[in-house]
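S.K.:
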Amino acid sequence: MESNGDDAARIVAELETLKSAKSDIDSRIRALEAQLRDLNLQKPAVCANGSCHSGGSAVGSALAHGLSPDMIYRYSRHLLLSSFGVQGQSKLVKSSILVVGAGGLGAPALMYLAASGVGRLGIVDHDVVELNNMHRQVIHTEAFIGQPKVKSAAAACRSYDIVVDATDNAPSRYMISDCCVVLGRPLVSGAALGLEGQLTVYNYNGGPCYRCLFPTPPPATACQRCSDNGVLGVVPGIVGCLQALEAIKIASAIGEPLSGRMLLLDALSARVRIVKIRGKSIHCEVCGESTKFTKEQFKNFDYENFTQSPLSAVFTQIPALTNSSNS
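With UniProt numbering, letter number 32 in the sequence shown gets 32, and the count goes up by one each step, no holes.
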């Protein structure tokens, strides 16, 4: 027993020594990084072939666009992209994005949107973290099982520039799309089920809304959810990352967002297709030319009755196999 006690004491002492060394190394790294940033800001101009280029010109431009030295260092790989650069990052930092749903799609989207520097990020989700979320909802940990996925589900879309729909039910999809139309916000919509996924952008640059494509809800029996039919964890991860990418493109005004087009993912064959979708409908009840759909109508609209589907999924318990079932 004494030997075990000696071993434990030795391990604890070694851990403390390593922690102390790590702390010193981290402090030294931060100091050197600060010195490097200062040198970049003070780097003199270099002249060659009749032209001069200041080593700190990119940094100076970034500072002029409201990016702090820490932001310049953190997002330096973004700033190096000619198609994105300082202007793209500056727009992203000033943007606000609302993600509705912090599950299989929303979790990776939120992680990348936060890491990329979105100025204000909102989350709406009524649900709590469960153990069966862990294989795909990578933002959550087991320590938070039973806790709300967000602490406030009362965020309003009007407070955000862009909305990301990461829900998995028909009433939510119609409700979020209608809200974005009423408030004039672009909507990045994604879906994943089983081994397939899809992604598009609604209500952007004259493109269609969700109702333009689906004026009549499908039968409730045709509306499948991950909780009923399953999903391979990585599939919503892929679609969620692509949703984050589309939101970043819209926020920074770069590239060609998927408005009027839909991305279709077949995970089994590793095949990705982009298909053209129906354009904005002049007869759409919400965004059409003669629509009378108002904010008041939106507030009073019964989406569960309209779709004949519940907003919340009911967990179906999978029966355990008995000994007789295994034989």
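Using N, Cα and C, we set each Cβ at its ideal position, and we do this for glycine too.
#1: Scan the region 208 to 278 and note each continuous alpha helix (DSSP H) run of 4 residues or more that stays entirely inside, going in chain order.
#2: Rounded to a whole number of angstroms, what is the C-alpha to C-alpha distance between residue 121 and residue 113?
#3: Kindly indicate which residue of 105, 19, 91, 76 has the alpha-carbon position closest to the one of residue 240.
#4: Give me the residue from 266, 219, 22 with the minimum Cα distance to residue 232.
#5: Hey, residue 100 and residue 124 are a contact pair by Cβ (cut 8 Å); roughly how many whole angstroms apart?
#6: Flag this pair as yes or no: are the beta carbons of residue 275 and residue 209 separated by less than 8 Å?
#7: Give the DSSP-derived three-state secondary structure of residue 151 in the structure shown.
#8: Out of curiosity, what's the CA-to-CA distance linking residue 307 and residue 165?
#9: Using 8 Å as the Cβ pair cut-off and three pairs as the minimum, do the region 199 to 216 and the region 77 to 92 touch?
#10: If I'm right that residue 244 touches residue 102 with Cβ under 8 Å, what's the distance once you round it to whole angstroms?
#11: Starting from residue 333, trace the beta strand (DSSP E) both ways and give me its first and last residue.
#12: Specify, as a first and last residue, the run of the alpha helix (DSSP H) that residue 197 falls within.
#13: Identify every residue that forms a DSSP beta bridge with residue 122.
#14: Is residue 258 buried or exposed, if buried means 16 or more other CB atoms sit within 10 Å of its CB?
#15: Inspect the beta-carbon positions of residue 281 and residue 212 and report whether they are closer than 8 Å.
#16: Let me know if residue 173 comes out buried or exposed under the rule of 16 or more other beta-carbons within 10 Å of its beta-carbon.
#17: Where does residue 286 sit, in a helix, a strand or coil, going by DSSP?
#18: Going by DSSP, what residues sit across from residue 187 in a beta bridge?
#19: Going by beta carbon distance, what residues of the same chain come within less than 6 Å of residue 190, once the five residues before and after it are set aside?
#20: Please identify the residue among 218, 246, 18, 292 whose C-alpha is closest to the C-alpha of residue 305.
#21: Count the other CB atoms within 10 Å of the CB of residue 273; is the residue buried (16 or more) or exposed (fewer)?
#22: Quick test of your reading: residue 83 and residue 254, contact by CB under 8 Å. State the CB separation rounded to the nearest angstrom.
#23: Select from 29, 195, 252, 27 the residue whose C-alpha is nearest the C-alpha of residue 269.
#24: Take residue 90 and list the residues in its own chain whose beta-carbon comes closer than 7 Å to its own, dropping the five residues that flank it on each side.
#25: First and last residue of the alpha helix (DSSP H) that includes residue 308?
#26: What number of angstroms, rounded off, separates the C-alpha of residue 18 from the C-alpha of residue 237?
#27: For residue 298 and residue 179, which I take to be in contact (beta-carbon distance under 8 Å), what is that distance rounded to the nearest angstrom?
#28: Looking at C-alpha atoms only, which residue of 30, 14, 16, 311 is the closest neighbour of residue 176?
#29: Going by DSSP, what residue range makes up the alpha helix (DSSP H) through residue 90?
M.R.: Walking through what the data contain:
#1: 210 to 213, 226 to 229, 234 to 252
#2: Position 121 of the sequence shown, counted from the first residue, corresponds to residue 121. Position 113 of the sequence shown, counted from the first residue, corresponds to residue 113. Residue 121 and residue 113: Cα-Cα distance of roughly 8 Å.
#3: Counting from one through the sequence shown, the residue named residue 240 turns up at place 240. Considering only alpha carbons, the answer is 105.
#4: One-based indexing of the sequence shown puts residue 232 at position 232. The shortest C-alpha separation from residue 232 is found at 266.
#5: Counting from 1 along the sequence shown, the entry for residue 100 is found at position 100. Counting from 1 along the sequence shown, the entry for residue 124 is found at position 124. The Cβ separation is near 5 Å, so the contact holds.
#6: Reading the sequence shown from its first residue, position 275 is the one you call residue 275. Reading the sequence shown from its first residue, position 209 is the one you call residue 209. It is not a contact, given that the beta carbons lie outside the stated cut-off.
#7: Taking the first residue of the sequence shown as 1, we reach residue 151 at position 151. Summary for residue 151: the model assigns pLDDT 34, below 50, so the residue's position carries little reliability; its value from the coordinates is reported in the next sentence. Note: residue 151 maps to coil in three-state DSSP.
#8: Stepping through the sequence shown from its first residue, residue 307 is reached at position 307. Stepping through the sequence shown from its first residue, residue 165 is reached at position 165. If I take the Cα positions, the gap works out to 17 Å.
#9: no
#10: Looking up residue 244 in the sequence shown gives position 244. Looking up residue 102 in the sequence shown gives position 102. 13 Å between Cβ atoms; not a contact.
#11: Given a span of 1 to 327 for the chain in the structure shown, any question on residue 333 remains unanswerable.
#12: Along the sequence shown, read from residue 1 onward, the residue named residue 197 stands at position 197. Unbroken run through residue 197 is the beta strand (DSSP E), 196 to 202; no alpha helix (DSSP H).
#13: As a first step, residue 122 is located in the sequence shown; it is residue number 122 there, counting from the start. Beta-bridge pairing links residue 122 to 98.
#14: Stepping through the sequence shown from its first residue, residue 258 is reached at position 258. Answer is buried; the Cβ neighbour count reaches 16.
#15: Translated into positions along the sequence shown, residue 281 becomes position 281. Translated into positions along the sequence shown, residue 212 becomes position 212. Yes, these two residues count as a Cβ contact at 8 Å.
#16: Counting from one through the sequence shown, the residue named residue 173 turns up at place 173. Per the 10 Å Cβ criterion, buried.
#17: The residue given as residue 286 occupies position 286 in the sequence shown. Three-state DSSP puts residue 286 in coil, outside helix and strand.
#18: In the sequence shown, residue 187 corresponds to position 187, counting from 1. Looking at the DSSP assignment, residue 187 forms a beta bridge with 163, 202.
#19: Counting from 1 along the sequence shown, the entry for residue 190 is found at position 190. Cβ within range, chain order: 105, 199, 239, 243.
#20: Within the sequence shown, the letter at position 305 stands for residue 305. Residue 218 is the option with its Cα nearest to residue 305.
#21: As a first step, residue 273 must be located in the sequence shown, where it is residue number 273. Under this definition residue 273 is an exposed residue.
#22: Within the sequence shown, residue 83 is the residue found at index 83, counting from 1. Within the sequence shown, residue 254 is the residue found at index 254, counting from 1. Indeed they touch by this definition, with Cβ atoms about 6 Å apart.
#23: As a first step, residue 269 is located in the sequence shown; it is residue number 269 there, counting from the start. Of the listed residues, the one whose Cα sits closest to residue 269 is 195.
#24: As a working note, residue 90 is residue 90 in the sequence shown. Excluding residues within five positions, the ones whose Cβ falls inside 7 Å are 65, 66, 67.
#25: Indexing the sequence shown from 1 puts residue 308 at position 308. That residue, residue 308, is in no alpha helix (DSSP H); it is neither H nor E in DSSP.
#26: For this step, residue 18 is matched to residue 18 along the sequence shown. For this step, residue 237 is matched to residue 237 along the sequence shown. Straight-line Cα distance between these residues: approximately 36 Å.
#27: The residue given as residue 298 occupies position 298 in the sequence shown. The residue given as residue 179 occupies position 179 in the sequence shown. Yes, residue 298 and residue 179 are in contact; Cβ-Cβ is about 6 Å, under 8 Å.
#28: Residue 176 sits at position 176 when you count from the first residue of the sequence shown. Nearest C-alpha to residue 176: 311.
#29: The count along the sequence shown starts at 1 and reaches residue 90 at position 90. Residue 90 -> alpha helix (DSSP H) spans 85 to 93.
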